[in-house]
Amino acid sequence: MNVTLNDIRERESRHIVQTYKRQPVAFVRGRGVYLYDVDGREYLDFVTGVGVAALGHAHPGLTAVIADQAATLIHTSNLYYHPFQADAASRLAELSGLPRVFFCNSGAEAVEACLKFARRFWYTKGERDRLGFVAVEGAFSGRTMGALSVTHHYREPFGPLIGPVTFVDPSKPEDLARAVTSKTAAVIAEPIIGEGGVRPMTPEFAAAINEACARTGALYIADEVQTGLGRTGYPFYSKVLGLRPDLISVGKALGGGIPIGAALVSENIAQTISAGDHGSTYGGNLLGTRAAAFVLEQLTNGLIDHVKSVGAHLERRLRALQLQHQIIVEVRGAGLMRGLQLDVDAAPIIDGARERGLLVNRTDERVVRLLPPLVTEVSEIDRAVEILDGVFSAVRQEVKA
């Protein structure tokens, strides 16, 4: 591709709505855990499109499936049947224990569907004033109006949002107990807060969710858009915490890069949903669900166990890195979803890593987030940690100077 980074930046500045602060690099191809920029430089990708490229880049099997389907039939709409929705849905039901699936285009849309289905449930039950949601401080569920309403940040310019929504401190289970009442439609919480800094839910807070929902009848929505589908070394991390979701939102990794999301729904909630209550023009089309079925097949054929193994290695290497660099305050996360809490802004670490050929990203200002592809091998983890070691050493020298 005969194009430069400056060419791309100049054209974008004239035509693209400036909602993103992009890093100064443009990628044109990928292979496995690596990306290559317009100048041909190689980068180890531990961002994966924010957890999307679960199988890495240009995975041969996924590529073949997508190419075959694109050459056959991409889209017909939900006015008609096709073979692949049931295939992908049955695999999701097997992994999650929730038997019903609504397909959409993204994680944010999956959250929207869960919020709607929760309200629809109580409407059908005759409790039409049961409208409230309880969410978590630091949570990120998406940027559409409903998902933003249960997101703790990015809200101010866009109100009024849907409500009532009460945010609680995830370190205070007693606050959750007080917040959930007979007027609460659902509690929504990520098992590991992702955008807010890779912060795992404590067992105490998980127990408080279970207790509050059992006491009041409120539903629990597990936002597993980032944690779900093997990212943590488990199909869904909510089950690890002993949580009992009525609905689960998924997205990101589901299509391996093809846009697709899904709301997973318990049978008792599904029975309250009628034809026409929700819909999506592109949701669940042939291309998306065939890609999803392929990704899900890989998960059940040993990939989740692989994540558990290499994730443990990544944790060991990061904890050893912490011992060498006082700037790292804490290592958090599970599987291949890890965060390094720093005592300074993480931006110089992100820039330094990129300059050395490693992509990681910054969340919650002082957290370095690592989301490598689920197919990452031990040798690639070792290389990434060695690069980070060099970056932290360089930053330390700069501070001393």
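Using the numbering used here, the first residue of the sequence shown is number 290, and each one after it goes up by one.
A virtual CB, placed ideally from N, CA and C, is assigned to each residue, including glycine.
Subject >> Sub-9 angstroms separation of P480 and Y443 beta-carbons >> reply: Result no, Cβ atoms of P480 and Y443 do not sit closer than 9 angstroms.
**OP:** Measure the alpha-carbon distance for Y571 versus R419 and round it to whole angstroms.
**Re:** 31 angstroms
Original post:
Looking at the unbroken beta strand (DSSP E) that takes in T491, where does it start and where does it end?
Top reply: Here T491 belongs to no beta strand (DSSP E), and DSSP marks it neither H nor E.
**OP:** Would you mind sorting E440 into buried or exposed? The rule is 16 or more other CB atoms within 10 Å of its CB.
**Re:** Contrary to the premise, residue 440 reads as Thr rather than Glu in this sequence. With 16 or more Cβ atoms within 10 Å of its Cβ, T440 is classed as buried.
Original post:
When the Cα atoms are used, what is the spatial distance from T589 to G340?
Top reply: 18 angstroms
**OP:** Assess, as a yes-or-no matter, whether the segment 359-366 is touched by the segment 549-569 under the definition of 3 or more beta carbon pairs within less than 8 angstroms.
**Re:** Not touching, per the Cβ criterion.
Original post:
Hey, A407 and A474 are a contact pair by Cβ (cut 8 angstroms); roughly how many whole angstroms apart?
Top reply: 5 angstroms
**OP:** Report all residues from its chain with a CB closer than 8 angstroms to the CB of K414; omit the five preceding and five following residues, and keep chain order.
**Re:** T561
Original post:
Could one say the Cβ of L518 lies closer than 9 angstroms to chain C's Cβ atoms, at least one of them?
Top reply: The structure shown has no chain C; it contains just one protein chain.
**OP:** Mind listing, in chain order, the continuous beta strand (DSSP E) runs of no fewer than 3 residues lying wholly within the segment 543-568?
**Re:** 550-554
Subject >> Within the segment 430-464, ranges of the beta strand (DSSP E) (whole runs, at least 3 residues) >> reply: 454-457
Subject >> Nearest-angstrom Cα separation, counted from V292 out to T455 >> reply: 49 angstroms
Original post:
When every heavy atom of the ligand NAP is checked, does at least one fall within less than 8 angstroms of the C-beta of D594?
Top reply: The ligand NAP is absent from the structure shown, which contains no ligand whatsoever.
**OP:** Look at the alpha carbon of G710 and the alpha carbon of R330, and state the distance between them as a whole number of angstroms.
**Re:** Any answer about residue 710 is impossible in this case: the structure gives the chain only from 290 up to 690.
**OP:** Compute the distance between the beta-carbons of A551 and A377, then report whether it is under 9 angstroms.
**Re:** In contact: A551 and A377 (Cβ atoms closer than 9 angstroms).
Original post:
From this set, S460, V457 and G396, which residue's C-alpha is nearest T433's C-alpha?
Top reply: G396
Original post:
Are there 16 or more other CB atoms within 10 angstroms of the CB of L518, so buried, or fewer, so exposed?
Top reply: Counting of Cβ neighbours within 10 angstroms places L518 among the buried residues, the total reaching 16 or more.
Subject >> Contacting residues, own chain, Cβ-Cβ under 6 angstroms from P662 (five flanking each side not counted) >> reply: V322, T337, A342 and G345
Original post:
By DSSP, does S366 sit in helix, in strand, or in coil?
Top reply: Coil at S366, not helix or strand.
Original post:
Should I305 be labelled buried (16 or more other beta-carbon atoms within 10 Å of its own) or exposed?
Top reply: By the 10 Å Cβ count, I305 comes out exposed.
Subject >> Inter-residue Cα distance where the pair is D261 and E484 >> reply: Nothing about residue 261 can be read from this structure; the chain reaches only from 290 to 690.
Subject >> Between the CA atoms of A478 and A496 - distance to the nearest angstrom >> reply: 13 angstroms
Original post:
Using 8 angstroms as the Cβ pair cut-off and three pairs as the minimum, do the segment 451-466 and the segment 628-640 touch?
Top reply: no
Subject >> Of the residues G624, S379, A609 and A356, the one placed nearest L660, counting alpha carbons only >> reply: It is G624 whose Cα lies nearest to the Cα of L660.
**OP:** Using a threshold of 9 angstroms, state whether the C-beta atoms of R621 and G486 are closer than that.
**Re:** yes
Original post:
Three-state secondary structure (DSSP) at N590?
Top reply: helix
**OP:** Mind the definition here: the segment 568-588 touches the segment 495-511 only if three or more C-beta pairs lie below 8 angstroms; say whether that holds.
**Re:** no
Original post:
So, F391 versus A375, is the Cβ gap smaller than 9 angstroms?
Top reply: Not in contact: F391 and A375 (Cβ atoms no closer than 9 angstroms).
Original post:
For V667, is the classification buried or exposed, using 16 other Cβ atoms within 10 angstroms of its Cβ as the cut-off for buried?
Top reply: exposed
**OP:** Rounded to whole angstroms, what's the CA-CA distance from K405 to L612? Just pull it up for me.
**Re:** 46 angstroms
Subject >> Neighbourhood of E426 by C-beta, 6 angstroms cutoff - its chain only, sequence neighbours within 5 removed >> reply: Cβ-Cβ distances below 6 angstroms link E426 to H441, F456 and D458 in the same chain, with the five nearest sequence neighbours on each side left out; the list follows chain order.
**OP:** Could you check if A356 is buried or exposed, using at least 16 other CB atoms within 10 Å of its CB as the buried criterion?
**Re:** Counting of Cβ neighbours within 10 angstroms places A356 among the exposed residues, the total staying below 16.
Original post:
In three-state DSSP terms, what is S471?
Top reply: Coil, per DSSP.
**OP:** Any chance you could list the alpha helix (DSSP H) runs of at least 4 consecutive residues sitting entirely within the segment 324-409, in chain order?
**Re:** 337-340, 349-359 and 373-385
Subject >> Beta-ladder partner(s) of A623, from DSSP >> reply: M626
**OP:** Quick one: measure Cβ to Cβ for N367 and G568, integer angstroms, because I've assumed they're closer than 8 angstroms.
**Re:** 7 angstroms
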